[in-house]
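Novice: Residue numbers for the sequence shown follow the numbering used here, beginning at 9 and rising by one.
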Amino acid sequence: MAQHLSILNPENITEHRNNAQDRAHHSAIQIVGESEVSKKQLIMPTTKVYIVYYSLYGHVENMAREIQKGANSVPGVEALLWQVPETLPDRVLEKMKAPEKADDVPEIRPEQLVEADGFIFGFPSRFGVMAAQFKAFFDATYEIWATQALAGKPAGIFWSTGFHGGGQELTASYLQIDCHNTTSTSWHDLCSSGLHVRQWNV
Numbered sequence: 009m010a011q012h013l014s015i016l017n018p019e020n021i022t023e024h025r026n027n028a029q030d031r032a033h034h035s036a037i038q039i040v041g042e043s044e045v046s047k048k049q050l051i052m053p054t055t056k057v058y059i060v061y062y063s064l065y066g067h068v069e070n071m072a073r074e075i076q077k078g079a080n081s082v083p084g085v086e087a088l089l090w091q092v093p094e095t096l097p098d099r100v101l102e103k104m105k106a107p108e109k110a111d112d113v114p115e116i117r118p119e120q121l122v123e124a125d126g127f128i129f130g131f132p133s134r135f136g137v138m139a140a141q142f143k144a145f146f147d148a149t150y151e152i153w154a155t156q157a158l159a160g161k162p163a164g165i166f167w168s169t170g171f172h173g174g175g176q177e178l179t180a181s182y183l184q185i186d187c188h189n190t191t192s193t194s195w196h197d198l199c200s201s202g203l204h205v206r207q208w209n210v
């Protein structure tokens with residue numbers, strides 16, 4: 009009985025009430041905190057990465073799709089596939105027995121590059137340099153270079169050759185040369201805009 013009476017003591021009642029209020033306040037803070045974290049997660053900006061490639065027989069396309077899977081596994085990253093336009097006529101492609109292009113990957117226009125936060129470019133190597141189709145695409149980016157619209161955006165590359173000694177090192181060195189103050193309208197112009205380049209030979 010004495011123990012029950014002590015609980016009913018006004019001082020004890022006040023103490024219990026204060027403790028209950030403190031616990032409720034702490035719970036409210038915790039809920040608000042979790043809510044704020046959730047809000048931040050929901051409004052976290054998305055980093056848009058464009059994976060732009062050219063593939064004649066599908067090998068580079070396969071690599072591009074695997075790279076897309078890896079990039080999309082990173083929280084906050086949205087990786088989109090694009091392919092550059094084909095420059096060979098249909099009759100030539102037919103004689104080369106080239107398969108149809110992927111119908112779920114749109115063709116990209118040079119001016120669309122400015123919409124991305126970063127890039128991964130992929131292409132076959134031809135005699136130690138990028139395939140002519142991809143070179144043609146970069147040649148069409150002169151206006152972007154002129155406005156420095158890609159300055160500071162990161163970029164990576166991947167490429168494929170048919171065999172060892174097929175030009176892997178030449179392809180890499182071609183893209184690694186000092187590209188500041190260049191005049192050609194190609195990859196080097198994009199580099200002179202301040203792109204930070206990383207390379208992968210897959």
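No residue lacks a Cβ here, since even glycine has one placed at the ideal position from N, Cα and C.
Just how far apart, CA to CA, sit Ala106 and Ile116?
Specialist: So the two alpha carbons sit approximately 20 Å from each other.
Novice: Excluding sequence positions up to five away, which residues of its chain have a Cβ less than 6 Å from the Cβ of Ala124?
Specialist: Here the set comprises Lys56 and Tyr58.
Novice: Where do the N-terminal and C-terminal ends of the beta strand (DSSP E) with Gly6 fall, by residue?
Specialist: This structure cannot settle anything about residue 6, because the visible part of the chain is limited to 9 through 210.
Novice: Have a look at Ala163 and Leu64 and give me their C-alpha separation to the nearest angstrom.
Specialist: Taking the straight line from one Cα to the other gives about 22 Å.
Novice: Taking DSSP as the reference, what is the three-state secondary structure of Phe135?
Specialist: Coil, per DSSP.
Novice: Measuring CB to CB, does Lys161 end up less than 9 Å from Gly126?
Specialist: Yes, the pair counts as a contact, with Cβ atoms nearer than the cut-off.
Novice: Can you give the beta carbon distance from Leu89 to Val113, rounded, assuming they're within the 8 Å contact cut?
Specialist: That pair is a contact at about 5 Å.
Novice: Alpha carbons only, please: which of Val100, Gln176, Gln91 and Glu177 is nearest the one belonging to Ala72?
Specialist: Ranking Val100, Gln176, Gln91 and Glu177 by Cα distance to Ala72 puts Gln91 first.
Novice: Note down the Cα distance separating Leu178 from Val68, rounded to an integer number of angstroms.
Specialist: Near 18 Å, if we compare the C-alpha coordinates of Val68 and Leu178.
Novice: Could you give the first and the last residue of the continuous beta strand (DSSP E) run that contains Ile59?
Specialist: Start and end: Thr55 to Tyr61.
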